[in-house]
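There are 2 protein chains.
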Amino acid sequence: MKLMFSPTSPFVRRVRAAAAELGLADRISLEPIQVAPVRENDAYAAGINPLRKVPALVLDDGRTTLIDSTVICLYLDELAGGGRLLPCSGDERWEVLTRQAVALGMTDALVLSRYETALRPQALRWPEWAHDQEQRFWTGLGWFEERMAGAGAADAVPDLAQLALACCLGYADFRFPGFDWRGRAPVAAARYARLLQRPSLASTGPS
Amino acid sequence: MKLMFSPTSPFVRRVRAAAAELGLADRISLEPIQVAPVRENDAYAAGINPLRKVPALVLDDGRTTLIDSTVICLYLDELAGGGRLLPCSGDERWEVLTRQAVALGMTDALVLSRYETALRPQALRWPEWAHDQEQRFWTGLGWFEERMAGAGAADAVPDLAQLALACCLGYADFRFPGFDWRGRAPVAAARYARLLQRPSLASTGPS
Chain G
5 MKLMFSPTSP FVRRVRAAAA ELGLADRISL EPIQVAPVRE NDAYAAGINP
55 LRKVPALVLD DGRTTLIDST VICLYLDELA GGGRLLPCSG DERWEVLTRQ
105 AVALGMTDAL VLSRYETALR PQALRWPEWA HDQEQRFWTG LGWFEERMAG
155 AGAADAVPDL AQLALACCLG YADFRFPGFD WRGRAPVAAA RYARLLQRPS
205 LASTGPS
Chain C
5 MKLMFSPTSP FVRRVRAAAA ELGLADRISL EPIQVAPVRE NDAYAAGINP
55 LRKVPALVLD DGRTTLIDST VICLYLDELA GGGRLLPCSG DERWEVLTRQ
105 AVALGMTDAL VLSRYETALR PQALRWPEWA HDQEQRFWTG LGWFEERMAG
155 AGAADAVPDL AQLALACCLG YADFRFPGFD WRGRAPVAAA RYARLLQRPS
205 LASTGPS
């Protein structure tokens, strides 16, 4: 399978981490793709993903493309037998999916803030917008902090929500080094430090 | 169950349409919520959704909140027996999920363009950004147009991807009345006209 890849994307990272946790990393090759707002990439839009985003996964049949990091993660989980990164049923399933949605929303918000403060021409920046997006990260982080107890078992396989949050926090460290999120969320920080020791995350950090 | 609601949100609409298709609409009450970027809503952020977005669904136990329209749609589908709006397994499952992701990405792009052209102070608008987002709508629409054949059976229950696309196109009509999307995508237009006759969509249009 071919994964449309960018080394800085937190969404690509979570797919790579999921594949590593599931033992599928060696079945996936990485295809570097340049995508960014206001830059054209007609070939990618026409051939792979009309939204011009990464990740996308081209399956081994060469004609099927899965779009969206969540869809790809669910597919990989099923390929590995199912139920490993997301419970198949019960309250726990909806809990993990909701946590994942919050972590992805936090990540989206940071990416929008980054576009505002780095990509947009300086004269057109709207500080309130960037602040609003960053606030979503902070309230999301507080929401997680309230729901976490302790640093988690060292050897438990992380679920899709934990992977999504770890990739969000890694992106915060990468693009917002001034954020003292560890000071504001010590439980999440301890959990993150533990997770970062796993090869799935240690080997996929943004660069 | 209580659905956090805005009458203009295409994401809320698709949850309402899904509930109607599943025969669950009368188990859901609507709770109007005011959310928009750069407007605070601390009570909502603290009590319901730290991302300050709609929809969110508060379950009848009063303490469980599901966040994200996709998570809510999947939950309602399971509540109705499962497999009605999304195939439970097989290639068709990944196909529908990928189509849904493209439709949601198109909707996200239109919402970002709307924020750029209506919410942001005029002096800070970046036409290239709005254009880029709108292009994602158009390339997504072209992607769907290529994959559709005919107007679809009149009585078939639409899947999650069809509902998401219909709500996206309804949002385009509502916020971008100058878009001639029907001229550029006649097959999608015929399918949409057929879908709009269903009570689930006819009764939930933006206003």
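Protein sequences appear in the order of chains G and C.
According to this note's numbering, the first sequence is numbered sequentially starting from 5.
According to this note's numbering, the second sequence is numbered sequentially starting from 5.
Where is the CB? At the ideal position from N, CA and C, for every residue including glycine.
Going by the DSSP bridge assignment, what does residue i pair with across the sheet?
i: S33 of chain C; result: C:K6
i: V62 of chain C; result: C:K6 and C:T69
Just how far apart, CA to CA, sit residue i and residue j?
i: T74 of chain C; j: R186 of chain G; result: 30 Å
i: L26 of chain C; j: A84 of chain C; result: 6 Å
i: E35 of chain G; j: V58 of chain G; result: 10 Å
i: A176 of chain G; j: W133 of chain C; result: 23 Å
i: A299 of chain C; j: D30 of chain G; result: The structure shown does not extend to residue 299 of chain C, since chain C is modelled only from 5 to 211, so the question has no answer here.
i: R188 of chain G; j: G146 of chain G; result: 8 Å
i: A153 of chain C; j: G66 of chain C; result: 44 Å
i: D184 of chain C; j: R129 of chain G; result: 31 Å
i: A194 of chain G; j: P210 of chain C; result: 45 Å
i: R198 of chain C; j: G174 of chain C; result: 13 Å
i: G51 of chain C; j: D95 of chain G; result: 20 Å
i: A170 of chain G; j: F180 of chain C; result: 37 Å
i: L101 of chain G; j: Y79 of chain C; result: 10 Å
i: A47 of chain C; j: L116 of chain C; result: 24 Å
i: V19 of chain G; j: V39 of chain C; result: 31 Å
i: Y196 of chain C; j: S10 of chain G; result: 35 Å
i: L118 of chain G; j: F178 of chain G; result: Residue identity differs from the one stated: residue 118 of chain G is Arg in this sequence, not Leu. Approximately 11 Å, taken between the alpha carbons.
i: L90 of chain C; j: G144 of chain G; result: 29 Å
i: P14 of chain C; j: W142 of chain G; result: 26 Å
i: Q201 of chain G; j: L200 of chain C; result: 51 Å
On the criterion of 16 or more Cβ atoms from any shown chain inside 10 Å, does residue i qualify as buried, or is it exposed?
i: E138 of chain C; result: buried
i: G182 of chain C; result: exposed
i: D159 of chain C; result: exposed
i: R43 of chain C; result: exposed
i: C172 of chain C; result: buried
i: S207 of chain C; result: exposed
i: A127 of chain G; result: exposed
i: P203 of chain C; result: exposed
i: Q104 of chain C; result: buried
i: P41 of chain C; result: buried
i: T125 of chain G; result: At residue 125 of chain G the sequence reads Pro, which differs from the Thr that was named. Looking at its Cβ environment, which holds fewer than 16 other Cβ atoms inside 10 Å, P125 of chain G is exposed.
i: P131 of chain C; result: exposed
Would you mind working out which of the options sits nearest residue i, comparing C-alpha positions?
i: I32 of chain G; options: G:V100, G:D46, G:V16 and G:A194; result: G:V16
i: L88 of chain G; options: G:I76, G:V39, G:L164 and G:E150; result: Per the sequence shown, residue 88 of chain G should be read as Arg rather than Leu. Considering only alpha carbons, the answer is G:L164.
i: T111 of chain G; options: C:L55, C:A127 and C:M110; result: C:L55
i: T12 of chain C; options: C:W142, C:L101, C:I37 and C:L28; result: C:I37
i: A24 of chain G; options: G:Y196, G:V161 and G:A192; result: G:V161
i: K6 of chain G; options: G:L28, G:D81 and G:L63; result: G:L63
i: V191 of chain G; options: G:T143, G:R118, G:F148 and G:Q104; result: G:F148
i: Q166 of chain C; options: C:P125, C:E99, C:F178 and C:Y119; result: C:E99
i: H135 of chain G; options: G:S10, G:P125 and G:E120; result: G:E120
i: L28 of chain G; options: G:S10, G:E82, G:T68 and G:P14; result: G:E82
i: T69 of chain C; options: G:P14, G:R97 and G:T68; result: G:R97
Thinking residue i and residue j are a contact (beta carbons under 8 Å), I'd like their distance in whole angstroms, please.
i: A22 of chain C; j: L205 of chain C; result: With 8 Å as the limit, A22 of chain C and L205 of chain C do not qualify as a contact, their Cβ atoms being about 11 Å apart.
i: G71 of chain G; j: N53 of chain G; result: It should be pointed out that residue 71 of chain G corresponds to Ile in this sequence rather than to Gly. Sure, about 5 Å apart at Cβ, within 8 Å.
i: A113 of chain C; j: A168 of chain C; result: About 13 Å separates the two Cβ atoms, so there is no contact after all.
i: G86 of chain G; j: C92 of chain G; result: 6 Å
i: R140 of chain G; j: G109 of chain G; result: 7 Å
i: M8 of chain C; j: A60 of chain C; result: 4 Å
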